[in-house]
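The working numbering applies: residue 42 is where the sequence shown begins, and numbers increase by one.
All C-beta atoms in this analysis are idealised placements derived from N, C-alpha and C, irrespective of residue type, glycine included.
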Amino acid sequence: MKTGKVVIAGGSGFLGSLLAKTFHEDGVDVVVLSRRPSPAPWRVVTWDARSVGAWAAELEGADVVINLAGRSVNCRYTAANRDQILRSRVDSTSAIRKAIALASVPPKVWLQMSTATIYAHRTDAANDEFSGIIGGNEANVPDVWHFSIDVARQWEAAVTSAALTRTRRVILRSAMVMGPQADGPFAMLKNLVRAGLGGRAASGRQYMSWIHHRDFVRAIDFLIENDSISGIVNLAAPYPVPNALFMRAIREACHVRMGLPAARWMLELGAWALRSETELILKSRRVVPARLLERGFEFRFPSWPEAACDLCGSPAPEAAESPTTLQGATW
Numbered sequence: 042m043k044t045g046k047v048v049i050a051g052g053s054g055f056l057g058s059l060l061a062k063t064f065h066e067d068g069v070d071v072v073v074l075s076r077r078p079s080p081a082p083w084r085v086v087t088w089d090a091r092s093v094g095a096w097a098a099e100l101e102g103a104d105v106v107i108n109l110a111g112r113s114v115n116c117r118y119t120a121a122n123r124d125q126i127l128r129s130r131v132d133s134t135s136a137i138r139k140a141i142a143l144a145s146v147p148p149k150v151w152l153q154m155s156t157a158t159i160y161a162h163r164t165d166a167a168n169d170e171f172s173g174i175i176g177g178n179e180a181n182v183p184d185v186w187h188f189s190i191d192v193a194r195q196w197e198a199a200v201t202s203a204a205l206t207r208t209r210r211v212i213l214r215s216a217m218v219m220g221p222q223a224d225g226p227f228a229m230l231k232n233l234v235r236a237g238l239g240g241r242a243a244s245g246r247q248y249m250s251w252i253h254h255r256d257f258v259r260a261i262d263f264l265i266e267n268d269s270i271s272g273i274v275n276l277a278a279p280y281p282v283p284n285a286l287f288m289r290a291i292r293e294a295c296h297v298r299m300g301l302p303a304a305r306w307m308l309e310l311g312a313w314a315l316r317s318e319t320e321l322i323l324k325s326r327r328v329v330p331a332r333l334l335e336r337g338f339e340f341r342f343p344s345w346p347e348a349a350c351d352l353c354g355s356p357a358p359e360a361a362e363s364p365t366t367l368q369g370a371t372w
C-alpha cells in the first residue's frame, strides 16, 4: 500500500510496530489501537480489546484493519494464564467483527492473526492450507499441547461466526516471524547461540516453521492488494527445517563453532524456571505456504541459512545446502 488508511489492533508489540513503521514510511495513514497507548509517529487510539467503543469510529472508511491482539503464550499454562490467552484473542476478534458489522462504510479487508500451531505435530509431511491436518487428536503429544489447538480453533471461529458481506476476511496462520528486533524470537535464539547453548533441542527432528520479517511485511501487503484472496493463508517460508539444522544455521551465521544440545528433561527444567512451556520448542511445526506460492508470491528469503545470515548481518553462505535437501534431511 502507498495510500489509504490502515488500522492495526494490538499494534504496539513486535509485529504491530513492524507493520506500523513500514506503512507509515510509505505514506499510509496508520492508526494503532492499544490498551496502553504510548507516543509514536502515528496515531494511537485507546481500546479495551474486549468491546465496541469510541475506537470503532476509526474503522469507518478504512481500507484495512489488521488484528494482532493477544496475550503472549510465552508463559506457564496455568488456569489464569490460559483464560487470559484465550479471552485476549477471542474477545478482541469478536470486538473487531462487531465493529465492522456496525460500520456504515466498513474496511475493505480484515486481516486476522491466527497461528500455524493449529496444525498437528508431525514430521512425515508438511501442512498446507488444503491438506494440512488440524491438531488436537495426536496421541503422542502432552495433553498441555492441546490447549493451543483449542485456542486457535476458537480464535478463528470468532472471525467467521457472522456474515460480513462487504469486508474480505483473511485468516493468517503465521509461523514465527524472525527479525533482528530485541523483543523478537530470533534475538532470544541468537543469545542462546552466543552463550554456547545453541545446540539441538531434544532429538532435533522436530520441524521449525518461520518467516523472515521482510517477507512477513511483503506478504501482508500482497494479501491486501490481491482482493481475490480470502480465507486461510499460511504465513511461513516454503522450507521449514528440523530443529538441529535450524540451530546449526544460526551458529554458522553467528560464527559460533559449537552449541551444547539440550535433552528433553533439561528443556522441561529450563521452561519451568523461565515460566514458559516446552511446546514452543518441541512441537514439530512443518507448515508451508501453498496459497501464497500458487498466487505467485516470491519469497526473498525462502531458505533458513540465507535468512539467518541476513538477520545476523553476515554474508550469505556461498555453498549453502539446497532448501529441499534441508527440508528432507534424515537423522
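Coarse secondary structure for residue i, derived from DSSP in three states
i	result
Phe153	Note on identity: in this sequence residue 153 is Gln, with Phe being the wrong assignment. Strand at Gln153.
Ser269	coil
Ala314	helix
Met219	strand
Trp372	Any reading at Trp372 must be qualified, since the residue scores a pLDDT of 32, below 50, and its modelled position is unreliable; the value itself is stated next. Here Trp372 sits in coil by DSSP.
Ile175	strand
Val105	strand
Ala90	coil
Ala140	helix
Thr366	Reliability fails at Thr366, whose pLDDT of 49 lies under 50, so the model's placement of it is uncertain and no value is given.
Ser53	coil
Minimum C-alpha distance to residue i - residue among the options
i	options	result
Met219	Arg210, Arg255 and Gly240	Arg255
Ala90	Val150, Asp351, Arg76 and Arg259	Arg76
Arg341	Ala277, Pro283 and Phe287	Ala277
Glu318	Phe55, Val200, Arg123 and Ala98	Arg123
Ser133	Thr208, Ile270 and Ser155	Ser155
Ile141	Thr119, Glu266, Leu352 and Thr208	Thr208
Leu286	Glu347, Ala228, Val274 and Glu339	Glu347
Ser53	Lys46, Val72, Met288 and Asn115	Val72
Ala157	Arg214, Thr63 and Arg163	Arg214
Leu59	Ser113, Val234, Ile270 and Asp224	Asp224
Ala314	Gly173, Cys116, Ser202 and Phe257	Cys116
Arg130	Ala199, Ile273, Pro343 and His296	Ala199
Val234	Arg292, Lys149 and Arg163	Arg292
Lys231	His187, Glu339, Cys353 and Ser250	Cys353
Arg55	Asp169, Lys46, Arg112 and Glu170	Before going on, a small fix: residue 55 reads as Phe here, not Arg. Answer by Cα proximity: Arg112.
Beta-carbon separation (whole angstroms), residue i vs residue j, contact threshold 8 Å
i	j	result
Leu333	Gly240	So it is not a contact: roughly 32 Å between Cβ atoms.
Ala39	Val93	No answer is possible for residue 39: it lies beyond the span of the chain, which begins at 42 and ends at 372.
Ile212	Gln153	5 Å
Met42	Val86	Between Val86 and Met42 the Cβ distance is about 19 Å, and since that is not below 8 Å, they are no contact.
Asn267	Arg336	6 Å
Trp83	His65	5 Å
Leu109	Ala144	Not really, about 20 Å apart at Cβ, beyond 8 Å.
Ala216	Ser250	4 Å
Tyr118	Val185	6 Å
Cross-strand partners of residue i (DSSP beta bridge)
i	result
Arg210	Trp151
Asp70	Lys46
Arg84	Val72
Asn275	Arg214
Asn168	Val328
Met249	Val282
Ala242	Ala303
Tyr118	Per DSSP, none; premise fails for Tyr118.
Beta carbon of residue i nearer than 8 Å to that of residue j
i	j	result
Leu310	Ala242	no
Tyr248	Ser355	no
Asn275	Pro330	yes
Ile137	Ile159	no
Gly102	Val146	yes
Met307	Gly237	no
Tyr280	Trp196	no
Ala167	Val328	yes
Distance cut-off 7 Å: residue i Cβ against heavy atoms of the ligand PLP
i	result
Glu266	For the ligand PLP, the structure offers nothing, since it holds no ligand at all.
Test: residue i CB closer than 8 Å to a CB of chain D
i	result
Ala97	Note that chain D does not occur in the displayed structure, where there is just one protein chain.
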